[in-house]
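Below is one structure, written out as C-alpha cells; the observations come after it.
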Amino acid sequence: MSGRPIILLLSRGTQENPVAIAPRPWDYGRFWFFLFWYCGIVLLALFAGLIAWRRPEAPGNLLLATILASVAVGLITGPGDYALPWGWASVALAIANLTYLVAVGLWAAYAGGFAIPLSGVRRMVQWLCLGCVAVAIGVRLATVIGVVTLWFDPLGFMLSPYWRIPLFAAIATAVLCSALAIAASRGVERQRATWALVPFSIFFAALQLTSVAELAPVSYANLVGILTIANLCSFLMPAVLVYVALSRRLIDIGFVLNRAAVFAMVSVIVVGAFVLVEWAATAWLAGSTHTTGAVIAMSVALALGLSLRYIHKYVDRFVDRVFFRKRYEDEAALRRFAHESSYITDRAVLLERAVCVVEEHTNAENAVILVRDGSQSYRPASKDSGSTFSENDTAIVELRAWSRPIDLHGIRDTGLVGDVAFPMISRGALVGALVCGAKRSGETYAPDESNALLALASSVGIALDTLTARNGDGAVSMQETLTAILEKLDAIAGKFAAE
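For the sequence shown, position 318 matches number 310 in my numbering, and the numbering has no gaps at all.
See the structure below:
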C-alpha cells in the first residue's frame, strides 16, 4: 500500500472533512532512535546482573539489582509496542509489563532500608506507596481481562487519563519515601542514600513525562525531546547505581555539583557571547560579502577560545565564593595555616595546631601526624599512642619514593590506618606524614581539598625539620660544654690525686 492514498473522514463537531493519508516506507531515523532506547533497556539488565555478581553480600544490593531488572522487563514489554498474531503472547507481554509497577514498590522498600528503624511518617508513606502500586496493578489486570474476555470495553481503562492516577501517585509517594530516607540518614549512610535514591527519582519522573505528554497537547518535536531525555536517563541511572553498589567510598556530591556548575556557566557564557557577537556583526555587516562574515565568525571563535581560560578562572572563583562558601573557607583556612606554620617556634604547638586545623576544616573523624623517631621508624606525635611504624612499611616507602598523597585503601601490608596520607618532605627526606581518617559524612577528599592538605603537610614538615635541627644544634652545643666541664673536672681530680 506504499504511496496509495487512504481517504479518512474526519469529524469535528458538525463538520466532516475527508483527509487523504498516503502510507510510506519505514523511517530508518526513527529505527535508530528506538534502537538507542532498547540499548538502554539492555544496559539496565546487564548492570543488574553486574551488581548481583560482584557484590551480592552488600546490604540492599540484591534488591537494587531486582529493581533494575524489573524496570528493564517492564520497559521492553510496553503495551502497544508490538503487534503479534498470537493472543496469548500479547497477554503474556501485558502481564510481564506489570514488573514496572512492581519496581516502583521495590524502590519504596529500598528507601526503607536506610535510617532504620523507620519513623511513623516514613512507615505510613511507604504503605501508601505500596497501596497505590497495588491499585495500579489492579487497573492493569482489569484492562487485560477486558481485552481477553470482552466483558467490558477495555478502552475505557486504556484511553482514560484517570487510570494513570494510581501510578503517578505511587511514583510521587516513592519520591517522598526517598526524600524522607535521605533526611533521616546521617554520615556515610546519607551520602549513599543520596547517590542511590536521587537517580531513581529522576529516572521515573523522566519516564512519566512521556505519559503526561501523551495526555497534554504536546508537539511531535517536544515529544521526541522528552523521549530523548528518558533515553539519556536510562543510560545514566544504572551507571550511577552500579557505582553506588560496587564502590565502598563515594565521590563528594558537593564537589561534583561544583564542577558541574562551573562547566554549565562557562558553556552558557561562551555560547551566549558567540551568538550575541555574531548577531551584532551580522546586523552591522548586513551588506558585506560571505567571506567577510566568515572572517568575523572565525575571529570571534578565536577570541573566545583564547579567553576561555580567564572565563573559567573567574567563573570558578564566583561559584566557590557564592555557592560553595564553606568549602572555599575551609580550603583557605588550610592554606592559611600552611603559611603560618613556619612562624611557630614550639614543636608541640605546631603539631597540635596542625591536627586541630585538619580535623576542623576537613570534617575528618581523626587526623594523625607521624614524625621520625630516630633513623629507622616513625611514631605518632600524640603522647597517648606508643605504636611505631618502620621506615620499610609499604605506605611509608611509597611516601618516601614518590612524595605524593596516597590512598591507604589501595595499599596492602601497611600498619597505617586512615583514608589518605600526605608526605611531609624537607630537604629531600620524609620527616613525617599526615594521615587523615574517613570523613564523618562518608565523602571522599575532593582534589582541591587534597591539594590544600598537601600544601599544609609540606609546610608543617619544613617547619618541623627546622625546629628539630635548631633543637639538635642546641643539644650538640650543650653536649660539648658538658664534655669540656668533665674534662676540667677530670684534670682537677687528677691533680688532687697526684698531690
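Where is the CB? At the ideal position from N, CA and C, for every residue including glycine.
Excluding the 5 residues preceding and the 5 following isoleucine 221 in the sequence, name in chain order all residues of the same chain whose CB lies nearer than 6 Å to its CB. Your numbering for residue 221 matches position 229 in the sequence shown. So the qualifying residues of the chain are Ala198.
Nearest-angstrom Cα separation, counted from threonine 458 out to arginine 327: Walking along the sequence shown from the start, residue 327 turns up at place 335. Walking along the sequence shown from the start, residue 458 turns up at place 466. Going by the C-alpha atoms only, they are around 19 Å apart.
When you compare each of Leu478, Leu56, Ala14, Arg462 to proline 191 by their alpha carbons, which one comes out closest? As a working mapping, residue 191 is identified with position 199 in the sequence shown. Ranking Leu478, Leu56, Ala14, Arg462 by Cα distance to proline 191 puts Leu56 first.
Note the first and the last residue of the continuous beta strand (DSSP E) segment covering glutamine 7. Taking the sequence shown and counting its residues from 1, one reaches residue 7 at position 15. Run containing glutamine 7: 7 to 13, per the beta strand (DSSP E) assignment.
Is the beta carbon of glycine 66 sitting closer than 9 Å to the one on threonine 91? Reading the sequence shown from its first residue, position 74 is the one you call residue 66. Reading the sequence shown from its first residue, position 99 is the one you call residue 91. Taking 9 Å as the Cβ cut-off, glycine 66 and threonine 91 qualify as a contacting pair.
Quick one: Cα of asparagine 89 to Cα of tyrosine 235, how far? Position 97 of the sequence shown, counted from the first residue, corresponds to residue 89. Position 243 of the sequence shown, counted from the first residue, corresponds to residue 235. Asparagine 89 and tyrosine 235: Cα-Cα distance of roughly 27 Å.
Once DSSP output is grouped into helix, strand and coil, what is the label at isoleucine -1? Indexing the sequence shown from 1 puts residue -1 at position 7. It is a strand residue.
Option in Arg132, Val131, Ile174 with minimal Cα separation from leucine 110: As a position in the sequence shown, residue 110 is number 118, starting the count at 1. Checked all of Arg132, Val131, Ile174; the closest Cα to leucine 110 is Ile174.
Just the C-alpha distance for alanine 447 and phenylalanine 329, rounded to the nearest angstrom, thanks. For this step, residue 447 is matched to residue 455 along the sequence shown. For this step, residue 329 is matched to residue 337 along the sequence shown. Roughly 10 Å separates the two Cα atoms.
Measure from the alpha carbon of glutamine 200 to the alpha carbon of each residue in Leu159, Ser170, Asp365, Asp482, then state which is nearest. Position 208 of the sequence shown, counted from the first residue, corresponds to residue 200. The shortest C-alpha separation from glutamine 200 is found at Leu159.
C-alpha gap between alanine 252 and alanine 325, whole angstroms: The count along the sequence shown starts at 1 and reaches residue 252 at position 260. The count along the sequence shown starts at 1 and reaches residue 325 at position 333. Cα to Cα, alanine 252 sits roughly 24 Å from alanine 325.
Using alpha carbons as the reference points, say which of Val136, Gly424, Thr58 lies closest to alanine 84. Here residue 84 corresponds to residue number 92 of the sequence shown, with the count starting at 1. The shortest C-alpha separation from alanine 84 is found at Val136.
Where alanine 162 and valine 63 are concerned, what is the direct C-alpha to C-alpha distance, given to the nearest angstrom? For the purposes of this step, residue 162 is taken as residue 170 along the sequence shown, with counting starting at 1. For the purposes of this step, residue 63 is taken as residue 71 along the sequence shown, with counting starting at 1. Their Cα atoms are separated by approximately 15 Å.
Within 10 Å of its beta-carbon, does lysine 480 have 16 or more other beta-carbons around it, so buried, or fewer, so exposed? The residue given as residue 480 occupies position 488 in the sequence shown. Counting Cβ neighbours within 10 Å, lysine 480 comes out exposed, since fewer than 16 surround it.
Could you give the residue range of the beta strand (DSSP E) that holds isoleucine 163? In the sequence shown, residue 163 corresponds to position 171, counting from 1. No beta strand (DSSP E) holds isoleucine 163; the alpha helix (DSSP H) holding it covers 157 to 176.
When burial is assigned at 16 or more other CB atoms within 10 Å of the CB, is phenylalanine 195 buried or exposed? Taking the sequence shown and counting its residues from 1, one reaches residue 195 at position 203. Label assigned to phenylalanine 195: buried.
To the nearest angstrom, how far is the alpha carbon of serine 259 from that of valine 314? Translated into positions along the sequence shown, residue 259 becomes position 267. Translated into positions along the sequence shown, residue 314 becomes position 322. If I take the Cα positions, the gap works out to 19 Å.
Identify whether isoleucine 87 lies in helix, strand or coil by the three-state DSSP scheme. Residue mapping note: residue 87 aligns to position 95 of the sequence shown, counting from 1. Three-state result, isoleucine 87: helix.
Cβ neighbours of arginine 46 in the same chain (closer than 6 Å, five flanking residues each side left out): Here residue 46 refers to the residue found at position 54 when the sequence shown is read from its first residue. Excluding sequence neighbours, arginine 46 sits near Leu238.
If the criterion is Cβ atoms closer than 9 Å, does the pair aspartate 365 and threonine 380 meet it? For the purposes of this step, residue 365 is taken as residue 373 along the sequence shown, with counting starting at 1. For the purposes of this step, residue 380 is taken as residue 388 along the sequence shown, with counting starting at 1. Taking 9 Å as the Cβ cut-off, aspartate 365 and threonine 380 qualify as a contacting pair.
Near aspartate 465, which residues of its chain fall below 7 Å by C-beta distance, leaving aside the five closest residues on each side in sequence? Along the sequence shown, one-based indexing puts residue 465 at 473. Reliability fails at aspartate 465, whose pLDDT of 49 lies under 50, so the model's placement of it is uncertain and the value that follows must be treated cautiously. If we look at aspartate 465 and ignore the five residues flanking it on each side, it has no Cβ neighbours.
Hey, quick one: how far does the alpha helix (DSSP H) through glycine 538 stretch, first residue to last? Given a span of -7 to 491 for the chain in the structure shown, any question on residue 538 remains unanswerable.
Proximity of cysteine 428 and alanine 346 at Cβ, strictly below 9 Å: Translated into the one-based positions of the sequence shown, residue 428 becomes position 436. Translated into the one-based positions of the sequence shown, residue 346 becomes position 354. Not a contact, by the Cβ cut-off of 9 Å.
According to the Cβ coordinates, are proline 230 and leucine 1 closer than 9 Å? By one-based count along the sequence shown, residue 230 stands at place 238. By one-based count along the sequence shown, residue 1 stands at place 9. The answer is no: Cβ separation not under 9 Å.
Could you tell me the alpha carbon to alpha carbon distance between phenylalanine 39 and alanine 12, rounded to whole angstroms? By one-based count along the sequence shown, residue 39 stands at place 47. By one-based count along the sequence shown, residue 12 stands at place 20. The straight-line gap from Cα to Cα measures roughly 47 Å.
Out of Ser369, Asp440, Pro439, Thr406, which has the shortest C-alpha to C-alpha gap to valine 423? Sequence index remark: in the sequence shown, residue 423 carries index 431 (1-based). With distances taken between Cα atoms, valine 423 lies closest to Ser369.
Outcome for leucine 122 when other beta-carbon atoms lying within 10 angstroms are tallied against a minimum of 16: Position 130 of the sequence shown, counting from 1, holds the residue named residue 122. Buried, since its Cβ has 16 or more Cβ neighbours within 10 Å.
C-beta atoms of isoleucine 361 and methionine 416 nearer than 9 Å: For the purposes of this step, residue 361 is identified with residue 369 of the sequence shown, where counting begins at 1. For the purposes of this step, residue 416 is identified with residue 424 of the sequence shown, where counting begins at 1. Yes, these two residues count as a Cβ contact at 9 Å.
Mapping the DSSP letters down to three states, classify alanine 198 as helix, strand or coil. As a working note, residue 198 is residue 206 in the sequence shown. The answer is helix: DSSP assigns alanine 198 an H, G or I state.
From Leu343, Ile68, Val269, residue whose alpha carbon lies closest to that of isoleucine 87: On the sequence shown, residue 87 is found 95 positions in, with the first residue counted as 1. For the residues Leu343, Ile68, Val269, the minimum Cα distance to isoleucine 87 belongs to Ile68.
Could you tell me whether the Cβ atoms of glutamate 321 and lysine 431 are closer together than 9 Å? As a first step, residue 321 must be located in the sequence shown, where it is residue number 329. As a first step, residue 431 must be located in the sequence shown, where it is residue number 439. Contact: no.
Quick check for students: name the residue ranges of the beta strand (DSSP E) that lie wholly in the segment 388 to 429, counting only runs of 3 or more. 412 to 418, 421 to 428
Exposed unless 16 or more other CB atoms sit within 10 angstroms - verdict on cysteine 124: As a first step, residue 124 is located in the sequence shown; it is residue number 132 there, counting from the start. With 16 or more Cβ atoms within 10 Å of its Cβ, cysteine 124 is classed as buried.
CA-CA distance, alanine 166 and glutamine 118? As a first step, residue 166 is located in the sequence shown; it is residue number 174 there, counting from the start. As a first step, residue 118 is located in the sequence shown; it is residue number 126 there, counting from the start. Straight-line Cα distance between these residues: approximately 7 Å.
Taking the beta carbon of aspartate 312 as the centre, do at least 16 other beta carbons fall within 10 Å, making it buried, or is it exposed? As a position in the sequence shown, residue 312 is number 320, starting the count at 1. Aspartate 312 should be labelled buried.
Classify isoleucine 336 as helix, strand or coil using the three-state DSSP reduction. Residue 336 sits at position 344 when you count from the first residue of the sequence shown. It is coil, neither helix nor strand.
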